[in-house]
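Here's the structure we're looking at; comments come further down.
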Amino acid sequence: SRGAGIGIWSLPLTPETPGRPLKPVEFVDTPSSDGWGVFSPDGHWVAYSSNESQQFEIYVVPFPGPGGKRQISIAGGIFPRWRQDGKEIFYAGLDGRLMAADVTLKASSIDVGQVKPLGITVPVVLDRRSATLIVGVPYDVSLDGQRILAITEPERSTAIPLTLVQNWVSLLKK
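The opening residue of the sequence shown carries number 33 in our numbering; numbering runs sequentially from there.
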């Protein structure tokens, strides 16, 4: 990686020259922290998260390249996941809200359609000093995109009662 950040590497499954060891290749190399890379179902695109804009966002780039990147998230994003048909990318916003972005893959470009919240919030722990995330991916999506398995906070059905005692010092004298 060029800077102090973290890059995304790929490892070919067959060597370029028979008999030679496999070598990892740095695929995304920026001075920022780049991570959580995932291949599209057809293997021609990689979605990943990067804080190159001073906050984490989701980007998509062609694989193995060349080609420019396209921002998918709005107002921050981490933990990308593809739907099996490649027509949707899921991610968590920096506030933990799960989002879904409609995408259309073309031969050499990607179009981003509607980006919508899914009504589910997952925990997102961000180390503000180093601008890195310090937890694993808190959700997964079924292949058809119709079900989500997520870590969430338990809902409280009722508020905890609060008792206010006024003039409590006078009660001590009794």
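C-beta atoms are modelled at their ideal positions from N, C-alpha and C, and glycine is treated no differently. Here the structure is a predicted model, which is why all the values come from computation and not from measurement.
> If Pro96 sits next to Trp68, beta carbons under 8 Å apart, how far is it from one beta carbon to the other, in whole angstroms?
Replying inline: Position 64 of the sequence shown, counting from 1, holds the residue named residue 96. Position 36 of the sequence shown, counting from 1, holds the residue named residue 68. The pair is not a contact, with the Cβ atoms about 19 Å apart (cut-off 8 Å).
> In three-state terms, what does DSSP make of Val201?
Replying inline: What you label residue 201 is simply residue 169 of the sequence shown in a count that begins at 1. Residue state, collapsed to three classes: helix.
> Would the beta-carbon of Ile40 fall within 9 Å of that of Val78?
Replying inline: Counting from 1 along the sequence shown, the entry for residue 40 is found at position 8. Counting from 1 along the sequence shown, the entry for residue 78 is found at position 46. Less than 9 Å divides the Cβ of Ile40 from the Cβ of Val78.
> Which ranges does the alpha helix (DSSP H) cover as unbroken runs of at least 4 residues, wholly within the stretch 109-160, from first to last along the chain?
Replying inline: Not a single unbroken stretch of the alpha helix (DSSP H) spanning 4 or more residues falls wholly within the stretch 109-160.
>> Suppose the cutoff is 6 Å on Cβ atoms and the five residues either side in sequence are ignored; what does the same chain contact list for Ile106 look like?
In response: Translated into positions along the sequence shown, residue 106 becomes position 74. Cβ within range, chain order: Val147.
>> Less than 8 Å separating the Cβ of Gly177 from some heavy atom of the ligand PLP?
In response: No copy of the ligand PLP appears in this structure; indeed no ligand is present at all.
> With distances taken between CB atoms, is the gap from Met131 to Gly145 smaller than 9 Å?
Replying inline: As a first step, residue 131 is located in the sequence shown; it is residue number 99 there, counting from the start. As a first step, residue 145 is located in the sequence shown; it is residue number 113 there, counting from the start. No, they are not a contact pair.
> How big is the Cα-Cα spacing for Val135 and Arg102?
Replying inline: Numbered from 1 along the sequence shown, position 103 holds the residue referred to as residue 135. Numbered from 1 along the sequence shown, position 70 holds the residue referred to as residue 102. Approximately 11 Å between the Cα atoms of the pair.
>> With a threshold of 6 Å on Cβ separation, who are the neighbours of Leu196 within its own chain once the five nearest residues in sequence on each side are excluded?
In response: As a position in the sequence shown, residue 196 is number 164, starting the count at 1. Nothing listed; no residue qualifies.
> From Pro44 to Tyr171, what distance separates their C-alpha atoms?
Replying inline: Along the sequence shown, one-based indexing puts residue 44 at 12. Along the sequence shown, one-based indexing puts residue 171 at 139. Taking the straight line from one Cα to the other gives about 27 Å.
>> Below 8 Å on the Cβ atoms is my contact criterion, and I expect Arg129 with Thr153 to pass it. Report the Cβ-Cβ distance as a whole number of Å.
In response: The residue labelled residue 129 in the question sits at position 97 within the sequence shown. The residue labelled residue 153 in the question sits at position 121 within the sequence shown. Right, their Cβ atoms sit about 5 Å apart.
> Under three-state DSSP, which class holds Ala107?
Replying inline: By one-based count along the sequence shown, residue 107 stands at place 75. Here Ala107 sits in coil by DSSP.
>> DSSP three-state label for Phe71, please.
In response: Along the sequence shown, one-based indexing puts residue 71 at 39. If DSSP states are grouped into helix, strand and coil, Phe71 belongs with the strands.
> Which value, in whole angstroms, describes the spacing of the CA atoms of Val60 and Lys119?
Replying inline: Here residue 60 corresponds to residue number 28 of the sequence shown, with the count starting at 1. Here residue 119 corresponds to residue number 87 of the sequence shown, with the count starting at 1. In this structure, the straight-line span from the alpha carbon of Val60 to that of Lys119 is close to 23 Å.
> Near Ala182, which residues of its chain fall below 6 Å by C-beta distance, leaving aside the five closest residues on each side in sequence?
Replying inline: Counting from one through the sequence shown, the residue named residue 182 turns up at place 150. Closer than 6 Å at the Cβ level, and outside the excluded window around Ala182, lie Ile152, Val154, Tyr171.
>> If you follow the beta strand (DSSP E) that Asp176 is in, where does it begin and where does it stop?
In response: Translated into positions along the sequence shown, residue 176 becomes position 144. Per DSSP, Asp176 is not a residue of any beta strand (DSSP E), being assigned neither H nor E.
>> Using C-beta distances below 7 Å, list every residue in its chain close to Trp114, excluding the 5 sequence neighbours before and after it, in chain order.
In response: In the sequence shown, counting from the first residue as 1, residue 114 sits at position 82. Taken in chain order, the residues that qualify are Val70, Ser72, Pro73, Ala79, Ile121.
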